[in-house]
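For reference, the structure is listed below as structure tokens.
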Amino acid sequence: KQEVTQIPAALSVPEGENLVLNCSFTDSAIYNLQWFRQDPGKGLTSLLLIQSSQREQTSGRLNASLDKSSGRSTLYIAASQPGDSATYLCAVRWLSNTGKLIFGQGTTLQVKP
Amino acid sequence: GAGVSQSPRYKVAKRGQDVALRCDPISGHVSLFWYQQALGQGPEFLTYFQNEAQLDKSGLPSDRFFAERPEGSVSTLKIQRTQQEDSAVYLCASSLGQGVGDTEAFFGQGTRLTVV
Chain F
61 KQEVTQIPAA
71 LSVPEGENLV
81 LNCSFTDSAI
91 YNLQWFRQDP
101 GKGLTSLLLI
111 QSSQREQTSG
121 RLNASLDKSS
131 GRSTLYIAAS
141 QPGDSATYLC
151 AVRWLSNTGK
161 LIFGQGTTLQ
171 VKP
Chain C
39 GAGVSQSPRY
49 KVAKRGQDVA
59 LRCDPISGHV
69 SLFWYQQALG
79 QGPEFLTYFQ
89 NEAQLDKSGL
99 PSDRFFAERP
109 EGSVSTLKIQ
119 RTQQEDSAVY
129 LCASSLGQGV
139 GDTEAFFGQG
149 TRLTVV
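Protein chains in written order, with our numbering: chain F, 61 to 173; chain C, 39 to 154.
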């Protein structure tokens, strides 16, 4: 069964810390992986998309890595700010399906001033 | 349009009532997806359209759920005889490409359905 797991479920850090959010997935035959941010009561904002042939993608203070063989992706946030507080969702698109995304449960991040 | 638009943003329905949720994807996007997100959970796939064709409806939880996209643009998710367990946020997403060769998915703000 194709599943995505995110650990931890919640994380609280002081402002300025660098942090890593983890995502693991079964079945390494993925097409791509996408990280999203979700603010309370809002929809999903796409942060980074990593194709299966890529090892990492960067956007500003965010860096996402992909290790297909071990079934893992990490989202690195540098110099965290209170505005980064949100839920971060990892989602995988597998080769065997129609393009739909399978999501993890998310990691809720709180950055304290 | 500039982004994926969903309406209404909030819907309160009495148990047994039928509801219709609308999604207006980004103009020109071929693929359209519906997801259901329960409180504190990640979104779960419901159904997928490529243009007007519904290619995958494996995630629809029961035959009370029905989705359509008759002209390959706007889509409607209909829930008949709503039950309390249908309470959730319903998210719509669109992407430019077709099937597995898609580009990234862009999501709407969602419709929060509460069944009382």
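For each residue, glycine too, the CB sits at the ideal point set by N, CA and C.
Helix, strand or coil at residue i [DSSP, three-state]
i                       : result
glutamate 106 (chain C) : strand
alanine 88 (chain C)    : Correcting the residue identity first, residue 88 (chain C) is glutamine in this sequence and not alanine. Three-state result, glutamine 88 (chain C): strand.
glutamine 122 (chain C) : helix
leucine 115 (chain C)   : strand
leucine 134 (chain C)   : coil
lysine 49 (chain C)     : strand
lysine 172 (chain F)    : strand
aspartate 157 (chain C) : Residue 157 (chain C) lies beyond the residue range present for chain C, which begins at 39 and ends at 154; the question has no answer from this structure.
valine 154 (chain C)    : coil
serine 100 (chain C)    : coil
aspartate 56 (chain C)  : coil
proline 74 (chain F)    : strand
glutamate 63 (chain F)  : coil
threonine 86 (chain F)  : coil
glutamate 82 (chain C)  : strand
valine 42 (chain C)     : coil
leucine 129 (chain C)   : strand
Nearest neighbour of residue i, chosen from the options [CA to CA]
i                       : options                                : result
leucine 84 (chain C)    : F:Thr167, F:Pro173, F:Gln170, F:Phe163 : F:Phe163
tyrosine 91 (chain F)   : F:Gly101, F:Pro74, F:Val80, F:Ile110   : F:Ile110
glutamine 92 (chain C)  : C:Tyr48, C:Gly135, C:Phe71             : C:Phe71
glutamine 165 (chain F) : F:Arg115, F:Val171, F:Gly159, F:Thr147 : F:Thr147
lysine 95 (chain C)     : C:Ser45, C:Lys49, C:Tyr73, C:Val153    : C:Tyr73
glycine 120 (chain F)   : F:Asn157, F:Asp87, F:Leu135            : F:Leu135
cysteine 83 (chain F)   : F:Val152, F:Gly159, F:Lys160, F:Leu71  : F:Val152
leucine 77 (chain C)    : C:Leu98, C:Ser69, C:Glu123             : C:Glu123
serine 69 (chain C)     : C:Gly148, C:Gly80, C:Ala131            : C:Ala131
asparagine 89 (chain C) : C:Gln44, C:Pro63, C:Gln79, C:Pro99     : C:Pro63
serine 125 (chain F)    : F:Leu169, F:Leu155, F:Gln98, F:Leu93   : F:Leu93
serine 45 (chain C)     : C:Gly148, C:Leu134, C:Thr152           : C:Gly148
Closer than 9 Å at the beta carbon, the chain C residues around residue i
i                    : result
serine 106 (chain F) : Glu142, Ala143, Phe144, Phe145
Contacts that residue i makes with chain F (C-beta to C-beta distance below 7 Å)
i                    : result
serine 69 (chain C)  : Gly159
glycine 80 (chain C) : Leu149, Phe163, Gly164, Gln165, Gly166
Within chain F, the residues that residue i reaches when beta carbons sit closer than 9 Å
i                      : result
aspartate 94 (chain C) : Asn157, Thr158, Gly159, Lys160
Per-residue contacts from residue i into chain C (C-beta, under 7 Å)
i                     : result
glycine 103 (chain F) : Leu129, Phe145, Gly146, Gln147, Gly148
leucine 14 (chain F)  : Outside the shown range of chain F, which is 61 to 173, sits residue 14 (chain F), and nothing can be said about it.
Contacts that residue i makes with chain C (C-beta to C-beta distance below 8 Å)
i                      : result
glutamine 94 (chain F) : Glu142, Ala143
leucine 81 (chain F)   : Going along chain C, no residue has its Cβ under 8 Å from leucine 81 (chain F), so there is no contact; the nearest lies around 13 Å.
Cross-chain neighbours of residue i in chain F, by beta carbon under 8 Å
i                          : result
phenylalanine 83 (chain C) : Lys160, Leu161, Ile162
The segment 100 to 113 of chain F in contact with the segment 64 to 76 of chain F per 3-pair CB rule at 8 Å:
no
- Should the segment 51 to 61 of chain C be called in touch with the segment 105 to 120 of chain C, which here means at least 3 C-beta pairs below 8 Å? yes
Completely contained beta strand (DSSP E) runs for the segment 100 to 162 of chain F, where each covers 3 or more residues: 104 to 111, 116 to 119, 122 to 127, 132 to 137, 146 to 154
I'd like to know if the segment 102 to 112 of chain C and the segment 125 to 132 of chain C are in contact, where contact means that at least 3 CB-CB pairs between them fall below 8 Å.
no
Cβ contact check for the segment 91 to 103 of chain C and the segment 139 to 153 of chain C: 3 or more pairs under 8 Å: no
Is the segment 140 to 147 of chain F touching the segment 56 to 67 of chain C, taking contact as three or more C-beta pairs under 8 Å? no
Inset, instruction - Pair every Cβ in the segment 39 to 48 of chain C with every Cβ in the segment 72 to 82 of chain F, then say whether three or more of these pairs are closer than 8 Å. - result: no
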